[in-house]
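*Asks:*
See the structure below:
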């Protein structure tokens, strides 16, 4: 797996941990959040775009509409909080590294 994909997956995992802890009391991830992480990992692994754009800017929609909405919900909640809990990871995510 490419370094950028691994970094994106690590960022998503941290976001899911923040979200799941707040929304579901999950620690570790609840079954639903773990399913979303596994689904996202598979989509990232199979991404046909090189270099990979941000999913929201991609012309190919790999995620099902329901899963895409779940990821958006996680990112809306966890994105701002990621900067407080994992500032370097958040900075890397914002800058696209």
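Numbering (the working numbering), first residue to last: 6 to 102.
Even for Gly, the Cβ is constructed at its ideal location relative to N, Cα and C.
All figures in this text were calculated on a predicted structure; none of them were measured in a lab.
May I ask you to verify whether the segment 40-54 touches the segment 65-78, counting CB pairs closer than 8 Å and requiring at least 3?
*Replies:* Yes, the segment 40-54 touches the segment 65-78.
*Asks:* If you follow the alpha helix (DSSP H) that residue 19 is in, where does it begin and where does it stop?
*Replies:* Here the alpha helix (DSSP H) through residue 19 covers 8-29.
*Asks:* Count Cβ pairs between the segment 77-91 and the segment 8-19 that sit closer than 8 Å; are there 3 or more?
*Replies:* Because the criterion of three Cβ pairs below 8 Å is met, the segment 77-91 and the segment 8-19 touch.
*Asks:* When you compare only the Cα positions, how much space is there between residue 39 and residue 57?
*Replies:* Those two C-alpha atoms are separated by around 23 Å.
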